[in-house]
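Here is the structure we will look at.
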Amino acid sequence: MTFEPLVSDFYDYASLLTGEEQAALARLRDYLETEVKPVVNEHWEKATMPEGIMKGLAGTGAFSFAWEETTPFENSAVFRGFVALELARVDASVATLVGVQNGLAMGSISVAGSAEQRAEWLPKMAAGEVVGAFGLTEPQSGSDSAQGLRTVATRDGDEWVLNGSKRWIGNATFSDITVIWAKDSEDGQVKGFIVPTSTPGYTATKIEGKQSLRIVQNADITLENVRVPESLRLQNANSFRDTAKVLRLTRAEVAWAAVGNSIGAYEAALRYAKERVQFGKPIASHQLIQDLLVKSMGNITASLGMVVRVSQMLDDGTQKDDHSALAKAFTTARMRETVSWSREVLGGNGIVLDYDVARHFADAEALYSYEGTREMNTLIVGRSLTGFAAFV
C-alpha cells in the first residue's frame, strides 16, 4: 500500500517519516477511509460508537506503537503524532477513543506501572482485548486536579479502599479497567490504581446531551468503598508529578489531533469550494473564498511545524511541560479559527452533517478544552517565561 502525502501537508513534513512509518500510516488511513469515515456522521448524530471499532483500531496498530512491550517496529514520536492527526482528520471522536486507550490508560501503566504490570496489561490493551479509561477529572476538580482532588484511597492491609467520584471519563461506559487517581488518606499524595470496572461499588453512568465528540462515551463514575488489591496500585505513581508525566505526553498528542481536525474541516471545505457553483463558476475561483482557504492553510502549516518540533524534542529527551503546553494552547486556538473559516466557505451547508464540516466545527470545542484549557496551558508557559506562577 503506497503512502500519499496529504495535500494539506503543504511543507511536506511527512517526508521526515521512515518508509516503514509511512507504510503503517497508509494502512491506518485505508482503514479509516473505508471502515470509519462512511459511518461517522450517522454515529455522531446518534451519539453511538461504531460496533467493533476498538478491535478494528487495534488491528491497525493504533494502540501499539508507543510502548516497548507492544510496538511492531521502532518508531518516532513524530510518526505517532501523525497517527493522531490521521485519526482526527477523519473524526476527532475516534482520535479521542485512541487517545484515552493508548495515551491516558496505557500511558499511565507504562509511565507509572511496574515491569510486571506493564507486561500484564499493555499487550492485552494493544490488542483491544482490554479497554481502558482514565479517571482524573472530578465534578469539582478539573484544572486544579493537583490540589483539588477529592477522591480518597485508604490502605487496609493488602487492599486499598477508594471513595469519590469522577466526571467526563472517556470510554468509561464500556471500559474493562479504569485508571483511578486518588489521594492517599495517610500521606496526602496522589496515587494511581488499575480498577476493574466489575469491582463492587464502581458505577459508571453515561453523560447525555453532549454537542461535541458525540461518539465518545463519557461517563460519571461513582466509587463507593471500592476495594483494590495492592497489586493493582501503580507501583511507580507516588505523587501528582507522576500523573503529570502522563499528561505531558498526551497534551502533545491532543495538539496533533487539533491539527488533524483542522485538516479534516479544511479538506472538506476545499472539496466543496471546487464543486459548488455560484454566479456561473466554482466558488473556489472567488477571491474571498481563496482568502479563507489560504488563511486556513497558514494555520495548519504553522501548527504542524510546531507539533513536529515538539515531538522531535520528545524523541531527543528535551521536551518539557511548557513545550507541550504551548503546542496545545496554540494549535487548538488556530483550529477554532480554521474550522470557523471552513464553515464559512460552505455557507448554510456548513451547519449540516452531510458535508462533514459541521462535525469538525462542533468537535473543535472539546479539543480546545480538554487535556488542559488554553488558560491553564498559557499559565504553564507564562511561568516558564517569567519565573512567576500566576495560577491563583
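By the count of our numbering, the sequence shown reaches residue 700 at its end, each step adding exactly one. Backbone N, C-alpha and C define an ideal beta-carbon position, used for all residues, glycine too.
Other residues of its chain near residue i: CB distance less than 7 Å, five sequence neighbours each side excluded
| i | result |
| --- | --- |
| E260 | Residue 260 is absent from the model: the chain starts at 309 and stops at 700. |
| S692 | D630 |
| L430 | W375, E377, T378, M414, I417 and S418 |
| A403 | A392, L395, A396, A565 and G568 |
| T609 | F318 and Y319 |
| A697 | R691 |
For residue i: DSSP bridge partner residues
| i | result |
| --- | --- |
| Q543 | In DSSP, Q543 forms no bridge with anything. |
| P508 | Note: P508 sits in no beta bridge, so no partner. |
| V585 | P590 |
| K514 | A527 |
| I485 | G440 and P504 |
| K499 | A490 |
Where residue i sits in the DSSP three-state scheme
| i | result |
| --- | --- |
| R535 | strand |
| A423 | helix |
| D492 | strand |
| G568 | helix |
| G774 | Since the first residue shown for the chain is 309 and the last is 700, residue 774 is missing from the structure and cannot be characterised. |
| D401 | The amino acid occupying residue 401 in the given sequence is Ser; Asp does not appear at that position. Residue state, collapsed to three classes: helix. |
| V660 | coil |
| E446 | strand |
| D623 | helix |
| E268 | Missing from the structure shown is residue 268; the chain here goes from 309 to 700 and no further. |
| A413 | helix |
| T551 | helix |
| Q455 | helix |
| A576 | helix |
| P380 | coil |
| W429 | helix |
| L521 | coil |
| V408 | helix |
The alpha helix (DSSP H) enclosing residue i, as first and last residue numbers
| i | result |
| --- | --- |
| R667 | V665 to S677 |
| R642 | D629 to L654 |
| V438 | Here V438 belongs to no alpha helix (DSSP H), and DSSP marks it neither H nor E. |
| R475 | R475 -> not in any alpha helix (DSSP H); beta strand (DSSP E) instead, spanning E467 to I477. |
| K354 | K345 to K354 |
| F390 | A385 to V398 |
| V700 | No alpha helix (DSSP H) contains V700, which DSSP labels as neither H nor E. |
| L325 | Taken as a continuous stretch (DSSP letters only), L325 belongs to no alpha helix (DSSP H), as it is neither H nor E. |
| T694 | R682 to T694 |
6 Å CB neighbourhood of residue i in its chain, flanking five on each side removed
| i | result |
| --- | --- |
| F669 | V647 and R651 |
| N685 | A633, K636 and A637 |
| V534 | L470, T507, G509 and Y510 |
| V398 | L340, V344 and K345 |
| T436 | Per the sequence presented here, residue 436 reads as Gly, with Thr not at that position. So the qualifying residues of the chain are M362, K363 and A366. |
| K582 | P590 and A592 |
| S493 | V460 and T462 |
| K474 | G443, E446 and I529 |
| I659 | A666 |
| A434 | F371, S372 and T378 |
Boundaries of the beta strand (DSSP E) in which residue i is found, first to last residue
| i | result |
| --- | --- |
| T462 | V460 to D464 |
Same chain only: Cβ atoms within 8 Å of residue i, ignoring 5 sequence neighbours per side
| i | result |
| --- | --- |
| M309 | A331, A334, R335 and D338 |
| T558 | G407, G411, L412, G415 and E679 |
| V487 | L412, A413, S416, I417, G440, A441, F442, G443, G500, F501, I502, V503 and L542 |
| M614 | A563, L634, A635, F638 and T639 |
Any non-hydrogen atom of the ligand MG closer than 8 Å to residue i Cβ
| i | result |
| --- | --- |
| K514 | By its list of ligands, the structure shown contains no ligand whatsoever, and the ligand MG lies outside what it can speak to. |
Handout entry: Three CB pairs or more closer than 8 Å across the stretch 380-394 and the stretch 496-510
Key = Taking one beta carbon from each stretch, the stretch 380-394 and the stretch 496-510 have fewer than 3 pairs nearer than 8 Å; the two do not touch.
Problem - Meets three-Cβ-pair contact criterion under 8 Å: the stretch 468-486 and the stretch 522-532 - result: Contact holds between the stretch 468-486 and the stretch 522-532, because three or more Cβ pairs, one in each stretch, are under 8 Å apart.
Exercise for the section: Please determine if the stretch 537-546 and the stretch 613-629 are in contact, where contact requires at least 3 C-beta pairs separated by less than 8 Å. Expected result: Cβ pair count under 8 Å is below three, so no.
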